[in-house]
Amino acid sequence: MTEIAKSGAAVISRADGRDDGEEWTENYTELPGGAGVSLIMESTTKEGVGPRLHMHPYAETFIIRRGSATFTVDGEEIVGRAGQILVVPADTPHKFRTGPEGYEAVHIHANSTFETTWLE
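Going by our numbering, the sequence shown opens with residue 869, and the numbers climb by one from there.
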């Protein structure tokens, strides 16, 4: 549910009605207010999950809040941990797998909709 204030600011609630950040995977596109980005909110306690190799025609920024993930970015492995930010440039193949303590992050796509080319 989205609430729009008189100022035009928007508050977007979880689709499942929960009011916490646990076990949360949700995609947001075409956000109100001209945000110009799309988001993936992800929180899991599971190890070894993540998307297969893909790329976007825009940069993707990962703000890692909890846990870790091993990212493969253009063939190079990078471990991202809580408190770190990883930026993957446009047109760069990437994927990740969550670490043993799970993973919580916000993935920011520098585009109002998702444009993904799946490579595997």
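Where a beta carbon is used, it is the ideal one built from N, C-alpha and C, also for glycine.
The Cβ neighbour count for Glu-969, taken over all protein chains shown within 10 Å, is under 16; the residue is labelled exposed.
Of the residues assessed, Val-956 falls on the buried side of the cut-off, its CB having 16 or more other CB atoms within 10 angstroms. Taking the CA atoms as reference points, Thr-938 sits about 16 Å from Thr-960. Contact between Trp-892 and Ser-906 is ruled out by a C-beta separation of about 16 Å, above the 8 Å threshold. In the structure shown, the three-state DSSP call for Gly-902 is helix. Taking each of Phe-982, Gly-935, Lys-963, Ala-958 in turn and checking the Cα distance to Glu-944, the smallest one comes out for Lys-963. A distance below 8 Å between beta-carbons, with the five flanking residues on each side excluded, links Phe-982 to the following residues of its chain, in chain order: Asn-895, Thr-897, Ser-906, His-924. Ranked by Cα distance from Pro-919, the first of Asn-979, Ile-908, Asp-884 is Ile-908. CA-to-CA, the gap between Ala-973 and Phe-930 works out to about 6 Å.
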